[in-house]
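In the numbering used here, the protein residues as written are 275 to 448.
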Amino acid sequence: MSETDSPEIVRRKFTLTKSLDEQLVSAAAESYGGNVSLFLRQAISDHQKTLDGDGRLALQRLEREVGEVREQAIRISAESKRLNDSIKRLLYQLEQQANGVESFPSLDARIVFDLLVNSEDPLGVEDIIEELGMRPLRVRRALEGLWETHAIQTTDGVSFEVSSGSLGATEDSQ
Numbered sequence: 275m276s277e278t279d280s281p282e283i284v285r286r287k288f289t290l291t292k293s294l295d296e297q298l299v300s301a302a303a304e305s306y307g308g309n310v311s312l313f314l315r316q317a318i319s320d321h322q323k324t325l326d327g328d329g330r331l332a333l334q335r336l337e338r339e340v341g342e343v344r345e346q347a348i349r350i351s352a353e354s355k356r357l358n359d360s361i362k363r364l365l366y367q368l369e370q371q372a373n374g375v376e377s378f379p380s381l382d383a384r385i386v387f388d389l390l391v392n393s394e395d396p397l398g399v400e401d402i403i404e405e406l407g408m409r410p411l412r413v414r415r416a417l418e419g420l421w422e423t424h425a426i427q428t429t430d431g432v433s434f435e436v437s438s439g440s441l442g443a444t445e446d447s448q
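This is the structure we're talking about:
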């Protein structure tokens, strides 16, 4: 049995500052049920282990935990960058829509919309087909897409024009 493991108890008298005594009493109350002597014995034992190098395991564990936290920070940073990029793309799209560059359901819808914007009068399906030389099915799908997005409206159930609230409408066509 080493000297530190000896069951013999020795009494010591020593002097502490009031603030150190308060810290000692507080720490003993937190972890050792208020037993200051037991707290001091354990603190001395722990300090001796640190001096003897037994604290290396704790240091290695701490280094490993720091490495794990670093990896988590890298992952969080990458995810944050990905989210920021997504937000930037969405803001760009919203800005484009606000500036009148509206996203259309299809290229055909964009072509039909441009024709309606530049037309002085509402156009019927036959007029659009004739003007653009597009197949009727493509014109119908384009009109349906524009209708669903409220980009166009019908004046009489047969002819179409740009909706007055449409982002792509110019001031001249409204």
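Backbone N, C-alpha and C fix where the C-beta goes; we use that ideal spot for every residue, glycine too. A quick note: this is a predicted structure, and the numbers were derived from the prediction, not measured.
CB contact flag (residue i, residue j, <8 Å)
{"i": "Ala383", "j": "Leu420", "result": "yes"}
{"i": "Glu418", "j": "Gln427", "result": "no"}
{"i": "Ala352", "j": "Phe387", "result": "no"}
{"i": "Ile385", "j": "Leu357", "result": "no"}
Outcome for residue i when other beta-carbon atoms lying within 10 angstroms are tallied against a minimum of 16
{"i": "Leu390", "result": "buried"}
{"i": "Ile241", "result": "Nothing about residue 241 can be reported from this structure: the residues present for the chain run from 275 to 448 only."}
{"i": "Val413", "result": "buried"}
{"i": "Gln448", "result": "With a pLDDT of only 37 at Gln448, under 50, the local geometry of the prediction cannot be trusted, and the value read off the model is given with reservation. Label assigned to Gln448: exposed."}
{"i": "Ser437", "result": "buried"}
{"i": "Thr444", "result": "Model confidence at Thr444 stands at a pLDDT of 42, short of 50, so the residue's coordinates are unreliable; what they give is reported in the following sentence. Classification of Thr444: exposed, given that the 10 Å Cβ count is below 16."}
{"i": "Ala416", "result": "buried"}
{"i": "Arg286", "result": "exposed"}
Backbone secondary structure at residue i - three-state DSSP
{"i": "Gly407", "result": "coil"}
{"i": "Ile426", "result": "strand"}
{"i": "Leu397", "result": "strand"}
{"i": "Ser305", "result": "helix"}
{"i": "Val391", "result": "helix"}
{"i": "Glu296", "result": "helix"}
{"i": "Arg418", "result": "Arg is not the amino acid found at residue 418; the sequence shown has Glu there. The answer is helix: DSSP assigns Glu418 an H, G or I state."}
{"i": "Val386", "result": "helix"}
{"i": "Val413", "result": "helix"}
{"i": "Asp446", "result": "Here Asp446 scores only 40 on pLDDT, less than 50, and its place in the model should not be relied on; the value that follows carries that caveat. Residue state, collapsed to three classes: coil."}
Whole-Å CB distance - residue i paired with residue j, under 8 Å assumed
{"i": "Asn309", "j": "Ala302", "result": "6 Å"}
{"i": "Ser433", "j": "Pro379", "result": "Between Pro379 and Ser433 the Cβ distance is about 20 Å, and since that is not below 8 Å, they are no contact."}
{"i": "Leu312", "j": "Tyr306", "result": "5 Å"}
Closer than 8 Å to chain B by CB, residue i
{"i": "Asp326", "result": "No chain B is part of this structure, which consists of one protein chain only."}
Residue i CB to nearest heavy atom of the ligand HEM below 7 Å
{"i": "Pro410", "result": "The model on display carries no ligand, and the ligand HEM is accordingly not part of it."}
(message) As an exercise, report each continuous alpha helix (DSSP H) stretch of at least 4 residues that is fully enclosed by the stretch 311-381, in chain order.
(response) 329-372
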